[in-house]
Amino acid sequence: MTAPDGGAPDYNNRFFVSSAAETAGPDHEVPVGHYHQAGPMVWAEFRGGKVLIGRLVGTCDPDGTLHLAYCQALDGGTVVAGECTSTPEYLPDGRIRLREEWRRLDAAGSSGVSYIEEVTAAQGAVLAETALSPEGA
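Numbers in my numbering are just positions in the sequence shown, counted from 1, shifted up by 104.
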């Protein structure tokens, strides 16, 4: 899906939050991701909830679809790696929701669909100083 202005979205300096129950913390804290983009290359760092630290890296198609590999360390010591195709959906206020079709690179080959939603720049600034700060690790 193309951006409302007809072009592809630019993911640079956007913040996304996850609503996936498996990564939410007991206090309902959710992972926060800070995305970056340079040309077709996209990467992000994320943490929060049960995710102690995570990274992703990949490419962006001209229509905004992301093809990513990710790795995350969870509380309790589990390390999870996988791949994901994220398709942008546009909310009425212009923010982006990513529909993520993911597959873990584990023996079971777990897979599923989850959603992450962009937060406003003001919310992102607050989240960056808390969940993504080095002290938060």
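Glycine included, every Cβ here is placed at the ideal spot set by N, Cα and C.
| DSSP state of residue 158, grouped into three classes? | Taking the first residue of the sequence shown as position 1, residue 158 is located at position 54. Residue 158: strand per DSSP, three-state reduction.
* To do: Determine the DSSP secondary structure at residue 217, reduced to helix, strand or coil.
  => Residue 217 sits at position 113 when you count from the first residue of the sequence shown. In this structure, residue 217 counts as strand in the three-state DSSP scheme.
In terms of alpha-carbon separation, which member of 162, 208 and 157 lies closest to residue 142? Translated into positions along the sequence shown, residue 142 becomes position 38. Check the Cα spacing between residue 142 and each of 162, 208 and 157: the tightest is with 162.
Given residue 160 as reference, the closest of 139, 166, 167 and 169 once Cα atoms are compared
Sequence index remark: in the sequence shown, residue 160 carries index 56 (1-based). Residue 139 is the option with its Cα nearest to residue 160.
- Query: Sorted by chain position, which residues of the same chain lie with C-beta nearer than 7 Å to residue 156's C-beta, five sequence neighbours on each side aside?
  - Reply: Within the sequence shown, residue 156 is the residue found at index 52, counting from 1. 177, 178, 179 and 241.
Report the rounded CA-to-CA distance for residue 197 versus residue 119, giving the unit in angstroms. Start at 1 with the first residue of the sequence shown, and residue 197 comes out as number 93. Start at 1 with the first residue of the sequence shown, and residue 119 comes out as number 15. Distance between the alpha carbons of residue 197 and residue 119 is about 15 Å.
Q. Thinking just about the alpha-carbon of each residue, which of 164, 149 and 217 is nearest to the one in residue 231?
A. Counting from 1 along the sequence shown, the entry for residue 231 is found at position 127. Taking each of 164, 149 and 217 in turn and checking the Cα distance to residue 231, the smallest one comes out for 149.
Open item on the list: Suppose you measure from the CA of residue 209 to the CA of residue 217; what does that come to, to the nearest Å?
Closed with: Residue 209 sits at position 105 when you count from the first residue of the sequence shown. Residue 217 sits at position 113 when you count from the first residue of the sequence shown. Their backbone Cα atoms lie some 15 Å apart in a straight line.
*Would DSSP call residue 106 helix, strand or coil?*
On the sequence shown, position 2 is the one that residue 106 refers to. With a pLDDT of only 49 at residue 106, under 50, the local geometry of the prediction cannot be trusted, and the value read off the model is given with reservation. Residue 106 carries a coil assignment under DSSP once its states are collapsed to helix, strand and coil.
Suppose the cutoff is 6 Å on Cβ atoms and the five residues either side in sequence are ignored; what does the same chain contact list for residue 115 look like?
Position 11 of the sequence shown, counted from the first residue, corresponds to residue 115. The beta carbon of residue 115 sits closer than 6 Å to the beta carbons of 139, 141 and 146 from its chain, once the five residues preceding and following it are set aside; these are given in chain order.
Exercise. Assign residue 241 to one of three DSSP states: helix, strand, or coil.
Key: Start at 1 with the first residue of the sequence shown, and residue 241 comes out as number 137. A caution first: residue 241 carries a pLDDT of 47, below 50, which makes its placement in the model too unreliable to give a value.
Work out the CA separation of residue 202 and residue 154 for me, nearest whole Å. Position 50 of the sequence shown, counted from the first residue, corresponds to residue 154. Position 98 of the sequence shown, counted from the first residue, corresponds to residue 202. Their backbone Cα atoms lie some 20 Å apart in a straight line.
Q.
Suppose you measure from the CA of residue 222 to the CA of residue 200; what does that come to, to the nearest Å?
A. As a working note, residue 222 is residue 118 in the sequence shown. As a working note, residue 200 is residue 96 in the sequence shown. Taking the straight line from one Cα to the other gives about 5 Å.
Identity of the residues DSSP links to residue 178 by a beta bridge: Numbered from its first residue, the sequence shown carries residue 178 at position 74. Answer is 155.
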